[in-house]
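Going left to right, the sequence shown walks through residues -20 to -1, 1 to 298 as mature numbering (1 follows the signal peptide of the UniProt record, and there is no 0) numbers them.
Glycine is no exception: its CB is placed at the ideal position from the N, C-alpha and C atoms.
What follows is a set of notes on a single structure, which appears directly below.
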Amino acid sequence: MRINNTAAFALAGVIALTLAGCGETLPPPTPSEQPEATGAPQPAVEHGFTFAELRQYEFVFASGAGSWGTVLYVRPDGSFSGTFSDTTWEEYGGSTRAVLLCSEFTGQFTEPVRVNDYTYSVRIASIDYERAVGEEAFADGFHYYYTEPRGLEDTEELLIYLPGAPLGELPQEFRGWVDHGDQGEALLSYALNNEAHQQGFFSRNLVREIIYSLISARDESGELEQQLQDATLSQKERETKAEELYQVWDNELNEVWDALNRLLSPEDMEVLTAEELEWIAWKEEQAALAGAGMAGALRAAELTRERVGVLEEYLETL
C-alpha cells in the first residue's frame, strides 16, 4: 500500500488534477433573495447540532465543467482543513507550460449559531496557509502559484444547511452549485454556503462510500477465490489469480487509508502511520515466509484483508 500524509487534491468525478488545461466555470443561475430567519439567532448547542455531525463528510466547491475545486473537511472541534487546485497555462520559452494554482490551508470556525430549523451560521475565526498567498515556485517544468481557495473568498458568514432543507427556500444561485438534478425537493446531505458570494459546497459521506467499496471488494474477492478452486487452471494461472486477489485487497486498503488521511487530524494520522508502517513490514515478512509465487500472494491477500477490516472498524467510529 502507499503511505501519504498529504491531503489529496483529487475528488472523483469533479476535479481532474491533470495537465489537460483549465476549464471554464459555468455561470450559476440568477440569484434570488435569501429567506429571512425569524427570531434572534441562538447557539446551535441548544438544538443538538455540533460540528461532530460533519466529521465523516468531504465538502466540495467545484466547477462541473472545469478542473478546479476546493475540498474542505470539518472536525468535531470546529477546526477545518482543505485544499484548492486549478490548472491554467502560460507562454514560456516559445511554448506553453502549466501553471498550477493551489492552496493548502487549516483554520478554525466559530461556534455554530442557529438561524432556523435547517440552517446554522459560522464565521472563520482564523485561517492559515501552508504556503503564503501570492508565493510562487518553479519545479519539474511547472509554475506553482499559491492562492486563496475558491469558495472561501470574503467569507463573512458561512451557512450550514442540514439534510432535508427545502431547496425551494434556499437561494437560487447557491442551488446552482449543489443541485445536480439528484436532490429532489430537499437537500439529501449537508451543504455549505459562502453567503457573501452564494458559493455552495456539496458534501459526500466518505465512510458510506468506503462501505460500498468494501462490499464490491468482497464480491470480487469471492469470485477470485472461487476461480482458484478450478482444478483445470495451470500453475501460472493460479499464481495470476492469487496476485489479482492480493491487488483487490491492497487497492481497498489504499481506499480506506485515503479516507482516514482526509478525516483524521494530523496528530492522529501520524500515530496511525507509524502503526501502519510496522504492519507493512510484518506483512511482507509473513508473505515471504509463506513462500514465493501463489503461496506468498495468498498470504499477503489474507493479511491485507484482515488489515482492511481493522481500519474499516476504525473508520466507522469516526
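Asked                                                                                                                : Found
For L172, the nearest candidate out of F154, E115, R55 (CA to CA)                                                    : F154
Residues of its chain near F60, where Cβ-Cβ distance is below 8 Å and the 5 sequence neighbours each way are ignored : L52, Y53, V54, T86, G87, Q88, F89
Cβ pair count under 8 Å reaching 3, the segment 248 to 265 against the segment 202 to 218                            : no
With 16 other Cβ atoms within 10 Å as the buried cut-off, status of R285                                             : buried
Environment of G121 [buried if 16+ CB atoms lie within 10 Å]                                                         : exposed
Whole-number beta carbon distance between L233 and S201, since they are thought to touch under 8 Å                   : At roughly 12 Å, the Cβ-Cβ gap does not stay under 8 Å, so S201 and L233 are not in contact.
Exposed unless 16 or more other CB atoms sit within 10 angstroms - verdict on L278                                   : buried
Secondary structure of residue 350, DSSP reduced to three states                                                     : With the chain covering -20 to 298 only, the question about residue 350 has no answer from this structure.
Cβ-based burial, E117 [other Cβ within 10 Å; buried from 16]                                                         : In the sequence under discussion, the amino acid at residue 117 is Ala, which differs from the Glu named in the question. Counting Cβ neighbours within 10 Å, A117 comes out exposed, since fewer than 16 surround it.
Residue-chain proximity (N234, chain D), Cβ-Cβ < 8 Å                                                                 : Within the model displayed, chain D is absent; a lone protein chain is all it includes.
The segment 172 to 192 contacting the segment 126 to 144, beta-carbon criterion three pairs below 8 Å                : yes
Spatial distance of V(-7) from D159 (CA atoms)                                                                       : Low confidence applies to V(-7): its pLDDT is 33, below 50, so where it sits in the model is not reliable, and the reading given next is rough at best. Cα to Cα, the separation comes out at about 14 Å.
Cα-Cα separation between M249 and N241, rounded to whole angstroms                                                   : 6 Å
Inter-residue spacing [alpha-carbon to alpha-carbon] between residue 301 and S196                                    : The structure shown does not extend to residue 301, since the chain is modelled only from -20 through 298, so no value can be given for it.
Spatial distance of A(-13) from I190 (CA atoms)                                                                      : Bear in mind that the predicted position of A(-13) carries a pLDDT of just 36, short of 50, making it too unreliable to give a figure here.
Nearest residue (CA-CA) to G114, options I104, Y125, F64                                                             : Y125
Bridge partner(s) assigned by DSSP for A275                                                                          : In the DSSP output, where bridge partners are listed per residue, A275 has none listed.
Sub-8 Å separation of F31 and D66 beta-carbons                                                                       : no
Which of helix, strand or coil DSSP assigns to G49                                                                   : strand
Per-residue burial, E235 [other beta carbons within 10 Å of its own, 16 or more giving buried]                       : buried
Integer Cβ distance of V187 from L298, believed to fall under 8 Å                                                    : 6 Å
Run of the beta strand (DSSP E) containing E84, from where it starts to where it stops                               : 75 to 89
Alpha-carbon spacing of Y100 relative to E296, whole angstroms                                                       : 26 Å
Local conformation of R130 per DSSP, three classes                                                                   : coil
Cβ-Cβ separation, E165 to P146 (assumed contact under 8 Å), whole Å                                                  : 6 Å
Collapsed DSSP secondary structure at D66 in the structure displayed                                                 : strand
F154 - containing alpha helix (DSSP H), residue span                                                                 : 152 to 158
C2 versus L132 - alpha carbon distance                                                                               : Only weak support is given to the placement of C2: the predicted model assigns it a pLDDT of 34, under 50, and the value that follows is read from those uncertain coordinates. Rounded to whole angstroms, C2 to L132 spans 20 Å at the Cα level.
DSSP bridge partner residues for Y141 (one or two, in chain order)                                                   : T99, A171
Endpoints, alpha helix (DSSP H) assigned at D43                                                                      : Residue 43 is actually Ser in this sequence, not Asp. That residue, S43, is in no alpha helix (DSSP H); it is neither H nor E in DSSP.
Cross-strand partners of G148 (DSSP beta bridge)                                                                     : According to DSSP, G148 bridges with nothing at all.
Coarse secondary structure for G3, derived from DSSP in three states                                                 : Only weak support is given to the placement of G3: the predicted model assigns it a pLDDT of 34, under 50, and the value that follows is read from those uncertain coordinates. G3 falls in the coil class under three-state DSSP.
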